[in-house]
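Taking full-length UniProt numbering, the leading residue of the sequence shown gets 1, the next gets one more, and so forth.
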Amino acid sequence: MTAMNHNILAYFIYGLVTSYIIISVGRFCHRNGRVFILRLFQGNASLADTTNNLLLVAYCLFNIGYAIIQFSFWQPVANMNVLLYSIAEKTGLLVLILAVTHYFNIALIYWLSKRFIHAHIQTKTP
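Right, dumping it as structure tokens:
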């Protein structure tokens with residue numbers, strides 16, 4: 001195989017792997033994160049679902065954009081060892097970014113819920 005064929009194979013495998021990861025993690029977080037957003041909005045299901053859907057769209061756009069940008073930084077792949085290393089490196093970086101983004105969102109939801117609850121308590125006390 002030539003270097004160009006190795007690159008094309010690497011792009012194809014990377015595209016499949018990252019698509020699977022992005023879709024799987026997105027579905028998981030969308031499905032299981034609803035309860036936290038619903039709590040944040042005090043049971044307002046319509047607002048919680050809309051926010052949850054917007055978060056999913058933003059998540060997909062951010063991660064698909066990142067995955068596509070990685071193609072421009074790809075070095076020529078000369079053999080199968082470099083192919084596997086390249087895919088592992090780029091996929092690992094994507095998973096790391098997903099984890100950091102997820103923890104940031106958890107912290108943000110926690111902070112917003114504390115702020116919202118604190119503001120709600122202040123408005124109820126005379």
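Beta carbons are placed, not taken as given, at the ideal position from N, Cα and C, and that holds for glycine. This one's a predicted model, so the numbers in the text were calculated from it and none came from an experiment.
In whole angstroms, give me the CA-to-CA distance for residue i and residue j.
i: T51; j: G33; result: 11 Å
i: F12; j: F71; result: 11 Å
i: F62; j: F73; result: 17 Å
i: I37; j: F104; result: 14 Å
i: residue 144; j: V35; result: The requested residue 144 does not occur in the structure, where the chain is confined to residues 1 to 126.
i: A107; j: N44; result: 21 Å
i: M4; j: M80; result: 12 Å
i: F28; j: Q75; result: 33 Å
i: Q42; j: D49; result: 12 Å
Is residue i buried or exposed, if buried means 16 or more other CB atoms sit within 10 Å of its CB?
i: Y14; result: buried
i: L54; result: exposed
i: S86; result: buried
i: A99; result: exposed
Quick one: what's got a C-beta closer than 7 Å to residue i's C-beta in the same chain, skipping five residues either side?
i: L40; result: I109, L112, S113, F116
i: L83; result: H6, L9, A10, V77
i: H30; result: N52, L56
i: T60; result: Note on identity: in this sequence residue 60 is Cys, with Thr being the wrong assignment. Same-chain partners within the cutoff: I22, G26.
Within the same chain, show all residues whose beta-carbon is closer than 8 Å to that of residue i, passing over the 5 residues directly before and after it, in chain order.
i: Y95; result: Per the sequence shown, residue 95 should be read as Val rather than Tyr. The residues are I21.
Return the residue from the list the options that minimises the CA-CA distance to residue i.
i: T101; options: V17, A58, T18, N44; result: A58
i: T18; options: N44, L93, F28; result: L93
i: I69; options: N79, A107, K90, D49; result: K90
i: G65; options: S86, I97, Q42; result: I97
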